[in-house]
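Asker: Can you read through this structure? Questions will come right after.
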Ligand code: C2E
Ligand code: MG
Ligand code: MG
Ligand code: MG
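In full-length UniProt numbering, the protein residues as written are 328 to 615.
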């Protein structure tokens, strides 16, 4: 009896494994086809300076619209692309597309591009960045590379050299999702960051959890003393926006200001701001 049950469990487990392996295999096939067909696109989310209420930067976010699965979120397909060894070409496409778009925006607007840890480790990465800048004509100072702690914690000499070379070129460096990893202060000393992005898990707790608020205040203070800007991610309410402005966070990003937009809509928003500050303010400033 017990043996039979064990066999059944075993068989069930095998079947589940098969389904998982099959799903993964078909996901890989679809991804390979998508990469060949160029079925990816970027959406762009404005980042607003709290001092002026104006957009100062835009983050490029990768989207894959799958014929059957619909919009597949990057968090679920980027690890598979990495595993397939294809993050190099896809990451390079993101970089080139984002730089080309940013070169069409009003002057002064930076573009944030997310990097996979594996991308940073590839030889030739610096040349990819230089190529994207040259081809688009975008000044290096307007490109902001967003890296997470995990990309840097295990960093080898090649990664460090690449980051220093990019810094010397004038490219900006942001520490993404700050607070979710080890939040190692060592990293803040070891790398020339221009900006810390405070993870949305802290922002969500504003007005709810005093400890999260204390941590955000401390990060803002620490960054200011180090001469680094701060951006709060996932700002969804006027209350969060106002709290961050009051505590002198530098920038905010989130649905309260704008959802990620297709490039044409983003450009319309930026151009409206450039021609009429009042109009941009009405769109992007807190309602309170
Ligand atoms: P991230 O770099 O921290 O990007 C911010 C994420 O927060 C985005 O999710 C964005 O759509 C979402 N977000 C922005 N404002 C709000 C808000 O007010 N509320 C909520 N709930 N969410 C908000 P998305 O686009 O799904 O991207 C998830 C992650 O995937 C990114 O996190 C980044 O780590 C990664 N990713 C996105 N694009 C790329 C890419 O081109 N290359 C690489 N390597 N990773 C990427
Ligand atoms: Mg990011
Ligand atoms: Mg983030
Ligand atoms: Mg994130």
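For every residue, glycine included, the Cβ atom is placed at its ideal position computed from N, Cα and C.
Report buried or exposed for residue 527, applying the criterion of at least 16 other Cβ atoms within 10 angstroms of its Cβ.
Answerer: Buried, since its Cβ has 16 or more Cβ neighbours within 10 Å.
Asker: Taking residue 503 as the reference, which of 521, 513, 525, 484 has the closest Cα?
Answerer: The candidate whose alpha carbon is nearest that of residue 503 is 525.
Asker: Can you name, in chain order, every residue of its own chain whose Cβ lies under 6 Å from the Cβ of residue 627, other than the five neighbours on each side?
Answerer: Absent from the structure is residue 627, since the part of the chain shown begins at 328 and ends at 615.
Asker: Given the structure, does residue 381 come close to ligand 3, in the sense that its CB is under 7 Å from one of the ligand's heavy atoms?
Answerer: Residue 381 Cβ: outside cutoff for every heavy atom of ligand 3.
Asker: Name the two residues that bound the continuous beta strand (DSSP E) containing residue 372.
Answerer: It spans 367 to 376 - the beta strand (DSSP E) in which residue 372 sits, taken as one unbroken run.
Asker: Going by beta carbon distance, what residues of the same chain come within less than 7 Å of residue 529, once the five residues before and after it are set aside?
Answerer: 506, 539, 542, 543.
Asker: Report the residue from 478, 475, 460, 482 whose alpha carbon sits nearest the alpha carbon of residue 497.
Answerer: It is 460 whose Cα lies nearest to the Cα of residue 497.
Asker: By DSSP, does residue 385 sit in helix, in strand, or in coil?
Answerer: Strand at residue 385.
Asker: Evaluate contact between the segment 374 to 389 and the segment 430 to 447, counting only Cβ atoms and requiring at least three cross-stretch pairs below 8 Å.
Answerer: They touch, by the three-pair rule.
Asker: Give every residue whose Cβ lies closer than 5 Å to any heavy atom of ligand 2, listed in chain order.
Answerer: This criterion selects 441, 473, 503.
Asker: Could you give the DSSP three-state label for residue 482: helix, strand or coil?
Answerer: Correct three-state label for residue 482: coil.
Asker: Can you tell me where the beta strand (DSSP E) with residue 518 in it begins and where it stops?
Answerer: Premise fails: residue 518 is in no beta strand (DSSP E) and is neither H nor E.
Asker: Should residue 616 be counted as a contact of ligand 3 given a C-beta to heavy atom distance under 7 Å?
Answerer: The structure shown does not extend to residue 616, since the chain spans only 328 to 615, so no value can be given for it.
Asker: Rounded to whole angstroms, what's the CA-CA distance from residue 393 to residue 358? Just pull it up for me.
Answerer: About 9 Å.
Asker: In whole angstroms, what separates the C-alpha of residue 606 from that of residue 382?
Answerer: Because the pLDDT at residue 606 is just 41, under 50, the model does not fix this residue reliably, and the value given afterwards should be weighed accordingly. Going by the C-alpha atoms only, they are around 12 Å apart.
Asker: Taking the straight line between their C-alpha atoms, what separation do you get for residue 567 and residue 346?
Answerer: Taking the straight line from one Cα to the other gives about 43 Å.
Asker: I need the DSSP call for residue 448, collapsed to helix, strand or coil.
Answerer: In this structure, residue 448 counts as helix in the three-state DSSP scheme.
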